[in-house]
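**Student:** I have a structure I would like to understand better, so I am pasting it below and will then ask my questions one at a time.
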Amino acid sequence: MPIKVQVLNDILEFNESYAAENRRIFDENRTFAVNMMSSPGAGKTTLLERTLERMDPSSIAVIEGDMRTTRDAERLERFGIPIVQINTGNACHLDGQMIRNAIREIDLSKIRLLFIENVGNLVCPAEFRMGEHAKMTVLSVTEGEDKPLKYPLMFRESSLCIFNKIDLLPHLDYSLEDAVRNARQINPQLEHIALSCKTGEGLDRWIAWLKARIQPTG
Amino acid sequence: MHEMGLAQNILDIVLRTASANGAHRVLRVKIRAGQLRAIVPDQLRFCFDFVAKDSLAEGAELAVQIVPIRTRCRGCAAEFEVEAFRFVCPGCGGDELDILQGKELLVENIEIL
């Protein structure tokens, strides 16, 4: 006679427990952790370069996620900040365990702002929590207005969407208004900032968004 | 996506539970997956069948229930199902919604002998 046994276990319990531990460590250290997601080439690393040029880097750290190479980490080396490069091999996203291992290499007591630059991918990163305080998506204006509708989970999970490369708008048939409307249909609470890492337009609003979330040192 | 990794996690949970209950065979595994988790049931079944070979769960039926996204409007307290990812209240047009259902990904129960 078969017996039915109630289980009610989260299938991603393993990842969730790492995410919870990471979050606890971030909170203990007053580190604001932001998970940066996007398609490959939307401009995450360049945005980090522009950010580090404009903020005091002494309390900022970066975890870089890529399947291969250390090129992104190398681009940020000149700022003298703690950087941990994770090469995932063929994993298409970062997860809680990878971040747990990475933060062992950073003295978070000195870090008020931790950027986790995820693997370039509009599908998978949204499915895996890592203990971050906020997820954000960088969307290049060259990607078309309909991406939020095609990749809803990404935009649902994000608190902020950056529309990057607005310097290219004169060369594109693109409606920023339509793109924002699509994003807000998926997530009405989603904040958005349109900017250009090339010209600097809009970057001050992004810096202000970060500063509003960082706890003071001391 | 990631159905193979999920299948392995499901197997771990199933075998742990089966062993804790003295089972010598698992007949059925019931999964509840919210629509927001974008699970493809056929793919999950395929991957589970593969990883479960040579275990107590070999041949077990994997029943996957996809539950719709259900929300409550903070403005007017209306509860409704979200269709096509339109997160807007059909009652008052409000967009501050609490998700009641649709994000879960669980092994709900197993049937054992």
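If you read the sequences in order, they're chains Y and X.
Residue numbers for the first sequence follow the working numbering, beginning at -10 and rising by one.
Residue numbers for the second sequence follow the working numbering, beginning at 13 and rising by one.
C-beta: ideal position from N, C-alpha, C; glycine also.
Quick check on DSSP: helix, strand or coil for Y:Val124?
**Tutor:** One detail in the question is off: residue 124 of chain Y reads as Lys in this sequence, not Val. DSSP places Y:Lys124 in strand when its eight states are reduced to three.
**Student:** Taking any Cβ of chain X, which residues in the stretch 159 to 184 of chain Y have a Cβ under 9 Å from it, in chain order?
**Tutor:** Within the stretch 159 to 184 of chain Y, the qualifying residues are Arg173, Gln174, Ile175, Asn176, Pro177, Gln178.
**Student:** Under the three-state reduction of DSSP, which class applies to X:Ala19: helix, strand or coil?
**Tutor:** Helix, per DSSP.
**Student:** Any chance the stretch 120 to 133 of chain Y sits against the stretch 8 to 27 of chain Y, with 3 or more Cβ pairs inside 8 Å?
**Tutor:** Yes, the stretch 120 to 133 of chain Y is in contact with the stretch 8 to 27 of chain Y.
**Student:** Quick check: the Cα distance between X:Arg40 and X:Met13, rounded to an integer number of angstroms?
**Tutor:** Cα to Cα, the separation comes out at about 23 Å.
**Student:** Chain X partners of Y:Lys(-7), CB-CB under 7 Å?
**Tutor:** Simply Asn121, Glu123.
**Student:** Quick check for students: name the residue ranges of the alpha helix (DSSP H) that lie wholly in the stretch 63 to 143 of chain Y, counting only runs of 4 or more.
**Tutor:** With a minimum length of 4 residues, the continuous alpha helix (DSSP H) runs that stay inside the stretch 63 to 143 of chain Y are 85 to 92, 136 to 139.
**Student:** Assuming X:Arg44 and X:Glu93 make a contact with CB atoms under 8 Å, what is their CB distance in whole Å?
**Tutor:** Not quite, the Cβ-Cβ distance comes to about 16 Å (not below 8 Å), so this is no contact.
**Student:** Is there a Cβ from chain X that is less than 8 Å from the Cβ of Y:Asn(-2)?
**Tutor:** Cβ-Cβ to chain X under 8 Å: yes for Y:Asn(-2).
**Student:** By alpha-carbon positions, which one of Y:Met44, Y:Tyr163, Y:Leu128, Y:Pro159 ends up nearest to Y:Ser147?
**Tutor:** Out of Y:Met44, Y:Tyr163, Y:Leu128, Y:Pro159, Y:Leu128 has the C-alpha closest to the C-alpha of Y:Ser147.
**Student:** Let me know the secondary structure DSSP gives Y:Thr188 once reduced to three states.
**Tutor:** In the structure shown, Y:Thr188 sits in coil (DSSP, three-state: anything other than H, G, I, E or B).
**Student:** Where does Y:His160 land, buried or exposed, given buried means 16+ other C-beta within 10 angstroms?
**Tutor:** Exposed: under 16 other Cβ atoms inside 10 Å.
**Student:** Using CA coordinates, which residue listed in Y:Ser98, Y:Gly78, Y:Leu158, Y:Val73 is at the minimum distance from Y:Asn90?
**Tutor:** When each option's Cα is compared against that of Y:Asn90, the closest is Y:Val73.
**Student:** Leaving aside the five residues before and after Y:Asn171 along the sequence, list all residues of the same chain whose C-beta is less than 7 Å from its C-beta, in chain order.
**Tutor:** Cβ within range, chain order: Glu134, Asp135, Pro137, Leu138.
**Student:** Measure the Cβ-Cβ separation of Y:Phe152 and Y:Val130 and say whether it is below 8 Å.
**Tutor:** Taking 8 Å as the Cβ cut-off, Y:Phe152 and Y:Val130 qualify as a contacting pair.
**Student:** Could you say which of X:Leu117, X:Thr83, X:Asp107, X:Leu56 lies nearest to Y:Pro177 if we only look at CA atoms?
**Tutor:** Of X:Leu117, X:Thr83, X:Asp107, X:Leu56, the residue nearest in Cα terms is X:Asp107.
**Student:** Quick one: which residues of the stretch 105 to 116 of chain Y get their C-beta closer than 8 Å to a C-beta of chain X? List them in chain order.
**Tutor:** So the list reads Val112, Cys113, Glu116, given in the order they occur along the chain.
**Student:** DSSP on Y:His181, reduced to helix/strand/coil?
**Tutor:** Strand, per DSSP.
**Student:** Chain X partners of Y:Leu128, CB-CB under 8 Å?
**Tutor:** Residues of chain X passing the Cβ test: none, with the nearest at roughly 16 Å.
**Student:** Given a cut-off of 8 Å, decide if Y:Gly109 and Y:Ala9 are closer than it, judged by their beta-carbon atoms.
**Tutor:** No. Outside cutoff.
**Student:** Is there a C-beta anywhere in chain X that falls below 8 Å from the one on Y:Ile1?
**Tutor:** The amino acid occupying residue 1 of chain Y in the given sequence is Leu; Ile does not appear at that position. Yes - at least one Cβ of chain X is within 8 Å of the one on Y:Leu1.
**Student:** Let me check you understand the geometry: is the CB of Y:Ala9 closer than 7 Å to at least one non-hydrogen atom of the ligand HEM?
**Tutor:** You won't find the ligand HEM in this model; it holds no ligand whatsoever.
**Student:** Return the CA-CA distance between X:Val100 and Y:Val112, expressed in angstroms with no decimal places.
**Tutor:** So the two alpha carbons sit approximately 23 Å from each other.
**Student:** Compare the beta carbon distance of Y:Ile100 and Y:Ile52 with 8 Å and say whether it is the shorter of the two.
**Tutor:** Against a cut-off of 8 Å, the Cβ pair of Y:Ile52 and Y:Ile100 comes out as no contact.
**Student:** Mind checking who X:Leu109 pairs with in its DSSP beta bridge?
**Tutor:** X:Leu109 pairs with X:Cys85.
**Student:** Can you tell me whether Y:Val204 is helix, strand or coil according to DSSP?
**Tutor:** Before going on, a small fix: residue 204 of chain Y reads as Gln here, not Val. Coil at Y:Gln204, not helix or strand.
**Student:** With a Cβ-Cβ cutoff of 8 Å, do X:Leu68 and X:Arg84 count as a contact?
**Tutor:** No, the Cβ-Cβ distance between X:Leu68 and X:Arg84 is not below 8 Å.
**Student:** Could you tell me which residues DSSP puts in a beta bridge with Y:Glu166?
**Tutor:** Partner(s): none; Y:Glu166 has no beta bridge.
**Student:** Where X:Ile111 and X:Leu48 are concerned, what is the direct C-alpha to C-alpha distance, given to the nearest angstrom?
**Tutor:** The alpha-carbon atoms of X:Ile111 and X:Leu48 are separated by roughly 10 Å.
**Student:** Measuring alpha carbon to alpha carbon, tell me which of Y:Asp167, Y:Glu180, Y:Cys150, Y:Glu190 ends up nearest Y:Leu157.
**Tutor:** Considering only alpha carbons, the answer is Y:Glu190.
**Student:** Return the chain-ordered list of same chain residues with a C-beta closer than 6 Å to the C-beta of Y:Val169, the five sequence neighbours on each side being excluded.
**Tutor:** If we look at Y:Val169 and ignore the five residues flanking it on each side, its Cβ neighbours are His181.
**Student:** Step through the CB atoms of chain Y and report whether any lies within less than 8 Å of the CB of X:Met25.
**Tutor:** First, the residue type needs correcting, since residue 25 of chain X is Ile and not Met in the sequence shown. Closer than 8 Å to some Cβ of chain Y, the Cβ of X:Ile25 qualifies, so yes.
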